[in-house]
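Undergrad:
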């Protein structure tokens, strides 16, 4: 691909100053027959396929055109036109653009490369314009007036170096619209200069636009970050936040920017497929997770699941990561910074935790028999700005559901640690306490059942008494009706008897 750059610069020089060019193009064309390519992400190396694929491409036709021996045409047109016949070498320019595209994708400094590429384009245009100026001067007659290049018979302007530098200087002044060159005297010279000025204006506009865009891209992160800071400042001013707290917030943002922690990792990795995202997380965080004692020698699959669930957190100076007695819902791994184990007053320091230390892993395992349960056993406070990785209890339990053997192993390691530190209850005592608790629960349940049964019995007796009273009242009404009228209609008699039968049936059902 570098051969595409050589003709861009050399051909015009040969046209004007009779320099020789290399024959590298012919060699590189032969190598292109064996150049591999990717097919569905796999490198194709079969020579026959490579040759057939290359022959079918447009680049093959351009390469063939670029190595044609057009120099032989000098036999018919003369030696003076030989450099012009080598313009077919410029057919390799697409390779140069391919080189630029791949380099811009792979380099770690894309903005710097874009600036370099823009400068290269400008230099090539100035170079070509310088060659065009010399050729135009030669066609009009060297030294024929003050505008064209001076006559080569003058010792000051006869050397090749002086000729090229003079033309390059003239081209630079013209294309940058600075001027300060001898004024044209012929119509042809005016037209040539007008064309140069138009090209210069386009170049200047291109420079301003591209440089402005590159500067904007380079400062995009800073601009976005500063916008967030300004918005937060406006909010704190609107809500009348105290000056001390406002200064803490500003120092926090200064720390994030100075340590390049303003990038949202989740947002950056969101565009990647899950497999690549997992590999990046493993490459970045796996060694950190292996520093935790209880996770050493665990299954690789479990470690991968946990790595994907680690969340970075940053704490300011004086922030409490956890307090004694709090329920433990997360474990922490120190990536950078220093944490202090402090007393209840927040000042007395018992120990200092540094990079690579971890804490809180026992409290998220729900180990039965722990004297502290799932509560924190110490106050831990950040001495400065500290970067930590956090693994929540919920995330750990979700991962352990797929690895039951690993869960048993982790719980056993946790018991060993608690037993070594004297924080594990005796198993027999614990079993006795559990049995007593079960007996108490059974007695409580039995009392509740007896109370419920007594209430139901009372309700049943009350309902039975009301039904008996209702039957008695109905029988009494029937007797009165028979005595008063001497007889009872079939309809009334049947109705009363039916009602009595219904009540008796209801009593039997309840019984």
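Residue numbers (the UniProt record's numbering): 1 to 511.
No residue lacks a Cβ here, since even glycine has one placed at the ideal position from N, Cα and C.
Since this is a predicted model, take the numbers as computed values, not measurements.
Around the Cβ of residue 360, are there at least 16 other Cβ atoms within 10 angstroms (buried) or fewer (exposed)?
TA: Position 360 of the chain shown, counted from the start, is the residue given in the question as residue 360. With 16 or more Cβ atoms within 10 Å of its Cβ, residue 360 is classed as buried.
Undergrad: Could you compute how far the alpha carbon of residue 95 sits from the alpha carbon of residue 169?
TA: Within the chain shown, numbered from 1, the residue matching residue 95 stands at position 95. Within the chain shown, numbered from 1, the residue matching residue 169 stands at position 169. Roughly 30 Å separates the two Cα atoms.
Undergrad: Kindly list the residues whose CB is nearer than 6 Å to the CB of residue 305, restricted to its own chain and excluding five residues on each side of it in sequence; keep chain order.
TA: Locating residue 305 in the chain shown gives position 305, where the first residue counts as 1. Hits under 6 Å: 399.
Undergrad: Which of the three DSSP states, helix, strand or coil, is assigned to residue 344?
TA: Position 344 of the chain shown, counted from the start, is the residue given in the question as residue 344. Residue 344 falls in the coil class under three-state DSSP.
Undergrad: In the DSSP assignment, find the unbroken alpha helix (DSSP H) run with residue 313 in it and report its ends.
TA: Counting from one through the chain shown, the residue named residue 313 turns up at place 313. First-last for residue 313: 311–315, but that is the beta strand (DSSP E), not the alpha helix (DSSP H).
Undergrad: Closer than 8 Å, CB to CB, is residue 190 near chain D or not?
TA: Among the chains in the structure shown there is no chain D, since it carries only a single protein chain.
Undergrad: Sorted by chain position, which residues of the same chain lie with C-beta nearer than 6 Å to residue 422's C-beta, five sequence neighbours on each side aside?
TA: As a working mapping, residue 422 is identified with position 422 in the chain shown. So the list is empty, once near-sequence residues are dropped.
Undergrad: Let me confirm a value: residue 100 is counted as buried when at least 16 other C-beta atoms fall within 10 Å, else exposed. Which label applies?
TA: By one-based count along the chain shown, residue 100 stands at place 100. Flag for residue 100 reads buried.
Undergrad: Ignoring anything shorter than 3 residues or poking outside the stretch 123–168, list the beta strand (DSSP E) runs there in chain order.
TA: none
Undergrad: Assess contact between the stretch 289–303 and the stretch 402–417, defined as three or more Cβ pairs (one per stretch) separated by less than 8 Å. Is contact present?
TA: yes
Undergrad: Does DSSP put residue 378 in a helix, in a strand, or in coil?
TA: On the chain shown, residue 378 is found 378 positions in, with the first residue counted as 1. Residue 378 falls in the coil class under three-state DSSP.
Undergrad: Near residue 255, which residues of its chain fall below 6 Å by C-beta distance, leaving aside the five closest residues on each side in sequence?
TA: Against the chain shown, residue 255 aligns to sequence position 255. So the qualifying residues of the chain are 385.
Undergrad: Does residue 408 come out as helix, strand or coil in the three-state DSSP assignment?
TA: In the chain shown, residue 408 corresponds to position 408, counting from 1. Correct three-state label for residue 408: helix.
Undergrad: Enumerate in chain order the residues of its own chain whose CB-to-CB distance from residue 207 is below 8 Å, with the five nearest sequence positions on each side excluded.
TA: Against the chain shown, residue 207 aligns to sequence position 207. Around residue 207: 118, 122.
Undergrad: Closest to residue 62 by C-alpha separation, out of 139, 92, 44, would be which residue?
TA: Against the chain shown, residue 62 aligns to sequence position 62. If we check each option's Cα against that of residue 62, 92 comes out closest.
Undergrad: Is residue 202 helix, strand or coil when you go by DSSP?
TA: Against the chain shown, residue 202 aligns to sequence position 202. Three-state DSSP puts residue 202 in a helix.
Undergrad: Would you call residue 322 buried or exposed, if buried means 16 or more other Cβ atoms sit within 10 Å of its Cβ?
TA: The count along the chain shown starts at 1 and reaches residue 322 at position 322. Answer is buried; the Cβ neighbour count reaches 16.
Undergrad: Give the range of the alpha helix (DSSP H) segment to which residue 393 is assigned.
TA: Stepping through the chain shown from its first residue, residue 393 is reached at position 393. It spans 393–400 - the alpha helix (DSSP H) in which residue 393 sits, taken as one unbroken run.
Undergrad: Below 6 Å CB to CB, which residues in the same chain sit around residue 356 once its five sequence neighbours on both sides are set aside?
TA: Position 356 of the chain shown, counted from the start, is the residue given in the question as residue 356. Sequence-distant partners of residue 356 (beyond 5 residues in either direction) whose C-beta falls short of 6 Å from its own C-beta, in its chain, are 291.
Undergrad: For residue 49, count the other beta carbons within 10 Å of its own beta carbon; 16 or more makes it buried, fewer makes it exposed. Which is it?
TA: As a working mapping, residue 49 is identified with position 49 in the chain shown. Around the beta carbon of residue 49, fewer than 16 other beta carbons lie within 10 angstroms, which makes this residue exposed.
Undergrad: Assuming residue 403 contacts residue 276 under a Cβ cut-off of 8 Å, what Cβ separation, rounded to an integer in Å, is found between them?
TA: Residue numbering aside, residue 403 sits at position 403 when the chain shown is read from its first letter. Residue numbering aside, residue 276 sits at position 276 when the chain shown is read from its first letter. The Cβ separation is near 24 Å, so there is no contact.
Undergrad: Could you give the C-beta distance for residue 334 and residue 388, rounded to a whole number, given that I count them as a contact under 8 Å?
TA: On the chain shown, residue 334 is found 334 positions in, with the first residue counted as 1. On the chain shown, residue 388 is found 388 positions in, with the first residue counted as 1. Sure, about 6 Å apart at Cβ, within 8 Å.
Undergrad: With distances taken Cα to Cα, identify the nearest neighbour of residue 584 among 339, 324, 471.
TA: A question about residue 584 goes unanswered here, because the residues of the chain that appear run from 1 up to 511.
Undergrad: What do you get for residue 452, buried or exposed, if any count of 16 or more other CB atoms within 10 angstroms of its CB means buried?
TA: One-based indexing of the chain shown puts residue 452 at position 452. Exposed.
Undergrad: Leaving out five residues on either side along the sequence, give the residues of the same chain with a beta carbon under 7 Å from the beta carbon of residue 214.
TA: Position 214 of the chain shown holds residue 214. Correct list, in chain order: 111, 114, 115.
Undergrad: Cβ of residue 391 within 8 Å of Cβ of residue 330?
TA: As a working mapping, residue 391 is identified with position 391 in the chain shown. As a working mapping, residue 330 is identified with position 330 in the chain shown. Their beta carbons are under 8 Å apart, which means residue 391 touches residue 330 by this criterion.
Undergrad: Which term fits residue 414, buried or exposed, when burial requires 16 or more other beta carbons within 10 angstroms of its beta carbon?
TA: On the chain shown, residue 414 is found 414 positions in, with the first residue counted as 1. It counts as buried.
Undergrad: Give every residue of the same chain whose Cβ lies closer than 6 Å to the Cβ of residue 311, excluding the five residues on either side of it in the sequence, and list them in chain order.
TA: Start at 1 with the first residue of the chain shown, and residue 311 comes out as number 311. These residues qualify, in order along the chain: 390.
Undergrad: Going by DSSP in three states, residue 320 sits in which element: helix, strand or coil?
TA: As a first step, residue 320 must be located in the chain shown, where it is residue number 320. Of the three classes helix, strand and coil, the one that applies to residue 320 here is strand, per DSSP.
Undergrad: Where are the beta strand (DSSP E) runs, 3 residues long or more, that stay fully inside the stretch 231–265, in chain order?
TA: List check, beta strand (DSSP E) in window: nothing returned.
Undergrad: Near residue 180, which residues of its chain fall below 7 Å by C-beta distance, leaving aside the five closest residues on each side in sequence?
TA: As a working note, residue 180 is residue 180 in the chain shown. Cβ within range, chain order: 173.
Undergrad: For the structure I just gave you, are there three or more beta carbon pairs, one from the stretch 221–235 and one from the stretch 181–197, closer than 8 Å?
TA: no
Undergrad: Can you check DSSP and say which residues form a bridge with residue 327?
TA: On the chain shown, position 327 is the one that residue 327 refers to. Residue 327 pairs with 375.
Undergrad: Note the first and the last residue of the continuous alpha helix (DSSP H) segment covering residue 47.
TA: Residue numbering aside, residue 47 sits at position 47 when the chain shown is read from its first letter. Secondary structure note for residue 47: its alpha helix (DSSP H) is the uninterrupted segment 47–55.
Undergrad: Do the stretch 377–384 and the stretch 344–358 make contact, defined as three or more Cβ pairs closer than 8 Å?
TA: Under the 8 Å Cβ criterion, the stretch 377–384 counts as touching the stretch 344–358, having at least three qualifying pairs.
Undergrad: In the DSSP assignment, what residue or residues form a beta bridge with residue 278?
TA: Residue 278 sits at position 278 when you count from the first residue of the chain shown. Its beta-bridge partners do not exist; DSSP assigns none.
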